[in-house]
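Participant: Chains as they are written, first to last, in this note's numbering: chain A, 16 to 435; chain B, 16 to 435. Dumping the structure here so I can ask a few things about it.
2 protein chains.
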Amino acid sequence: MALLVTNVRQLVTVRAGDARVKVGEAMQELGIIPDAAMVVEERILWVGPRAEAYSLRSAGLLQWEAEWDVGGRVVVPGFVDAHTHVVFSGSRVEEYSQRLRGATYAEIAAAGGGIMTTVHAVRAADEEELVRQASVLLWSALQHGTTTVEIKSGYGLTTADELKLLRVVRRLAQELPLRIVPTFMGAHAFPPEYRDRRSEYIELICQEMLPAVAAEGLAEYCDVFVDVGYFTPQEAERILRTAQDYGLRPRLHADELAPVGAAELAARVGAVSADHLLHVSDAGIAALRSAGTVAVLLPGTAYTLRLPYAPARRLIAAGIPVALATDCNPGSCFCENMQMVLSLACQCMGMLPEEALVAATLNGAAALERSHLLGSLEVGKYADFLVLRLQDVREMVYHFGVNHVAEVWIGGRCVWRAPV
Amino acid sequence: MALLVTNVRQLVTVRAGDARVKVGEAMQELGIIPDAAMVVEERILWVGPRAEAYSLRSAGLLQWEAEWDVGGRVVVPGFVDAHTHVVFSGSRVEEYSQRLRGATYAEIAAAGGGIMTTVHAVRAADEEELVRQASVLLWSALQHGTTTVEIKSGYGLTTADELKLLRVVRRLAQELPLRIVPTFMGAHAFPPEYRDRRSEYIELICQEMLPAVAAEGLAEYCDVFVDVGYFTPQEAERILRTAQDYGLRPRLHADELAPVGAAELAARVGAVSADHLLHVSDAGIAALRSAGTVAVLLPGTAYTLRLPYAPARRLIAAGIPVALATDCNPGSCFCENMQMVLSLACQCMGMLPEEALVAATLNGAAALERSHLLGSLEVGKYADFLVLRLQDVREMVYHFGVNHVAEVWIGGRCVWRAPV
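Printed below as a string of structure tokens:
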């Protein structure tokens, strides 16, 4: 049944046309239609000025069965959060507190804390518990505007536990209204039992985990943490090439803690995205540009860990498509709210509000190879959009620290409305 | 009617005893009672372990008429936001956008924008409009945990318009459940019509505005923006001394943009608080310490303006009582959420979660001379508290960017509950 979504003060289309991603100055173009309307079923059938919708209907060229008045508010595409670790168990508030007292993320990891704290909790948890905890977070993400979310495994680090995590992701995708994209990340860290047998763990991933994940069709992507203290580019390449043989496409945690050449590797293996990039080198930037890799920036992590931010302006100036994501996880960034990420992107990385919105929608969708279907409000794409309690879309970052989302729509259906 | 608030996983009393404020290491002491309960009427009648409440009742030593089970959640004192400008009209999103493109706050002010943009809008607005806009913001502040809020005039800059603003503040205090503390700030900026007659504007404040404000009993405090491009310490001293003659106690916007000796002035005139302090000098710190002035830090403003943050750790180390507030205003910090301010205080100023909470409660109350009544959960104080959806109070900053408030209680009554 076609629905006219009408009385939209600003309809932020993020107009992309045939482009799958926006780079450079195009990231500032939001394609705003004032006093607009949109005809939707599961997909968008028509977008334009409100008056035109009625003219077309009078001329018999457009029709709808019902109208939904959004009350003169702003409509934007739903956020595509292309990098999260929301399926986990336990809390790391103690470690958070230690860090504020001066301990570094690397020191905590070296002492057996960090990711391993969560790994121990996840191994001890059953599927139900993991589904329950993740559901709460994902509902919160949805209420803050996320309509598509990527979720990584990587807190299991045994074949059984990685499969458990990915099965939880599959259940969440069935049970929640959000669109969920699963990524296998057995190479999130070396488990302590393999600390002195690194190559054996790599082979476990390649010979046991990847075949099992592929056999059950549990993941679209394979991610590797390429950094000092984690996986070397060489180790990562072995894993990602094997993943590709099993049909899992590569993405990377790249150069977060040090410039280890991870961006260069991302380009070399044809990764869909290179994420973090706090310490990306000039050579890494050049490589990403040549390969057309999406740079997924996660300013909430630099904020939490009190690290220097990724060079967003340099990446944009270099013509690299920049996306923004939460990195939501219990250690280095416990935040599922994409509006918060947009605020940090503007205030701490110098992005413009328009660039941040493009990065959180169209370019996020590109980082998940879905920008032909998601990330902008154009005919033929899915009707995933937010109604915001704003007069001007730029107020989303101007007025920060609060949730501006009034309604969340996915596939042409309203899946959440804020209480009045 | 006495009510037992019970099943509190952590009752964060912020125990102060006879102290009106916490300094130094005491700022890390939250006085947490695990598995606690609290007997409240308008004030707190009893606080302690849950089991003890029942023992005392059995012994006939404590009684209550009803029980309120908070479901094993965390209870903290309500936030006291000691510095806001929430009564205004219009939006400054355009100026916000210009700043992200490189314009400075000073450049925008020099071009006639900045505070003057809001002054023009406020002069054109009537009381109803101002009440309506401020009510929306204050309800949002309340829902994010603020139970007491200071509000300044300063966007009128004529006698009539300053009185209009303060009458709006009085109406808000009557109509809303929050506790509201009014401050007169005719010395927020020089209005353009007095640009070349500074001393005449000072005299207008001293001879016309202050007597009128005092005659109607519209304000408790007088604030002056002492900085480059605003009021000199000498001008401010004339205003604040006159204000004191009319019974308005002094507080200051001090050394936000440059070290102009405003902290020293605050100490000299016996100001209740010196606020901002991004550029406070060593002499200023020494002066504040001697005078016992509360330093009200506003990290949301440094965040928004992309300025260096106030030296929170140096101020705490010097034994100065540090409070945190939003500075909520349409120009330099459009944020009414104290939880966001706590996050910025920890991540960007290096405060500990415990210090931030003390700064936002007891020390905020001290900055409004109300810490004998507010800011901690102790017998005799008002029952202003929050129920938080947390297992551990430190998670309030660990899990950032979302609202953790489930219930807001003021004077022993629940004034807001989050929808489930």
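Quick reminder that beta carbons are idealized off the backbone N, C-alpha and C, glycines included. As the structure is a computational prediction, the values presented were derived from the model and not from experiment.
1. Taking Glu393 of chain A as the reference, which of A:Leu18, A:Val89, A:Ile59, A:Ala68 has the closest Cα?
2. Would you list the one or two residues that DSSP bridges to Lys167 of chain A?
3. Nearest to Tyr245 of chain A by alpha carbon, out of A:His268, A:Gly285, A:Gly262?
4. Let's test the definition: count the other Cβ atoms within 10 Å of the Cβ of Leu115 of chain A and tell me whether it reaches 16, buried, or not, exposed.
5. Hey, does Glu351 of chain A have any beta-carbon neighbour from chain B nearer than 8 Å?
6. Using a beta-carbon distance below 8 Å, is Cys429 of chain A in contact with chain B?
7. Identify which residue in B:Gly201, B:Asp242, B:Phe205 has its Cα closest to the Cα of Glu223 of chain B.
8. How would you call His203 of chain B, buried or exposed, if buried means at least 16 neighbouring beta carbons within 10 angstroms?
9. Would you say Leu178 of chain B and Ala227 of chain B are within 8 Å of each other, going by their C-beta atoms?
10. Should Leu115 of chain B be flagged as near chain A, meaning a C-beta pair shorter than 8 Å?
11. Quick one: any contact between the stretch 118-137 of chain A and the stretch 85-94 of chain A, if contact means 3 or more CB pairs under 8 Å?
12. Distance, Cα to Cα, Glu369 of chain B vs Glu109 of chain A?
13. Note the first and the last residue of the continuous beta strand (DSSP E) segment covering Pro49 of chain B.
14. Tell me whether Gly32 of chain A is buried or exposed, calling it buried when 16 or more other Cβ atoms sit within 10 Å of its Cβ.
15. On the premise that Val137 of chain A lies in contact with Pro336 of chain A, defined as a C-beta separation below 8 Å, what is that separation, rounded to the nearest angstrom?
16. Check whether the Cβ atoms of Met364 of chain B and Pro314 of chain B lie closer than 8 Å to each other.
17. If you draw a straight line from the C-alpha of Val216 of chain B to the C-alpha of Arg264 of chain B, how long is it?
18. Just grab the DSSP bridge partners of Arg107 of chain A for me.
19. Along chain A, which residues have their Cβ under 8 Å away from the Cβ of Arg409 of chain B?
20. Which of helix, strand or coil does DSSP assign to Tyr209 of chain A?
21. Among A:Ile123, A:Trp61, A:Ser288, A:Met53, which one has its Cα closest to the Cα of Leu303 of chain A?
22. Using DSSP bridges, identify the partner residues of Leu19 of chain B.
23. Hey, is the stretch 345-354 of chain A in contact with the stretch 408-422 of chain A, meaning 3+ C-beta pairs nearer than 8 Å?
24. Measuring CB to CB, does Gly97 of chain B end up less than 8 Å from Ala382 of chain B?
25. Can you tell me where the beta strand (DSSP E) holding Arg186 of chain B begins and where it ends?
26. Taking C-beta to C-beta, are Glu309 of chain A and Val36 of chain A nearer than 8 Å?
27. Based on Cα-Cα distance, which residue from A:Val184, A:Pro192, A:Thr173, A:Asp270 lies nearest to Leu441 of chain A?
28. Please identify, using Cβ separations under 9 Å, the residues of the stretch 193-220 of chain B that lie next to chain A, in order along the chain.
29. Keeping to the same chain, check which residues put their C-beta closer than 6 Å to that of Gly379 of chain A; ignore five residues upstream and five downstream.
30. Helix, strand or coil: how does DSSP classify Asp242 of chain B here?
31. Can you tell me whether DSSP reads Ile130 of chain A as helix, strand or coil?
32. From the DSSP secondary-structure annotation, give me the bridge partner or partners of Glu429 of chain A.
33. Please specify which runs of the beta strand (DSSP E), each continuous and at least 3 residues long, are wholly inside the stretch 265-332 of chain B, giving them in chain order.
34. Would Leu77 of chain B be called buried (16 or more neighbouring beta carbons within 10 Å of its own) or exposed?
35. Taking Cβ positions only, does Gln406 of chain A come closer than 8 Å to chain B?
36. Output needed in chain order: residues of the stretch 133-160 of chain B with a Cβ under 8 Å from some Cβ in chain A.
Facilitator: This is what the structure gives:
1. For Glu393 of chain A, the closest of A:Leu18, A:Val89, A:Ile59, A:Ala68 by C-alpha to C-alpha distance is A:Ile59.
2. A:Thr198
3. A:His268
4. buried
5. Yes, Glu351 of chain A counts as interfacial toward chain B.
6. no
7. B:Gly201
8. Its Cβ being crowded by 16 or more others within 10 Å, His203 of chain B is buried.
9. yes
10. yes
11. no
12. It is roughly 13 Å from the alpha-carbon of Glu369 of chain B to the alpha-carbon of Glu109 of chain A.
13. 47-55
14. exposed
15. In fact, because the Cβ distance is near 33 Å, the residues do not count as touching under 8 Å.
16. yes
17. Per the sequence shown, the amino acid found at residue 216 of chain B is Tyr instead of Val. The straight-line gap from Cα to Cα measures roughly 20 Å.
18. Answer is none; Arg107 of chain A lacks a bridge partner.
19. From the beta-carbon of Arg409 of chain B, the residues of chain A found nearer than 8 Å are Val108, Tyr111, Ser112.
20. helix
21. Here the closest residue by C-alpha is A:Ser288.
22. B:Val54, B:Glu82
23. yes
24. Residue identity differs from the one stated: residue 97 of chain B is Ala in this sequence, not Gly. The answer is yes: Cβ separation under 8 Å.
25. Element bounds for Arg186 of chain B: not the beta strand (DSSP E) but the alpha helix (DSSP H), 174-190.
26. At residue 309 of chain A the sequence reads Val, which differs from the Glu that was named. Their beta carbons are under 8 Å apart, which means Val309 of chain A touches Val36 of chain A by this criterion.
27. Chain A is shown from 16 up to 435; residue 441 of chain A falls before or after that span and cannot be answered.
28. none
29. Val95, Ala97, Ala338
30. It is coil, neither helix nor strand.
31. helix
32. Looking at the sequence itself, residue 429 of chain A is Cys, so the reference to Glu does not match. In DSSP, Cys429 of chain A forms a bridge with A:Trp424.
33. 288-291, 309-312
34. buried
35. yes
36. Ser155, His159
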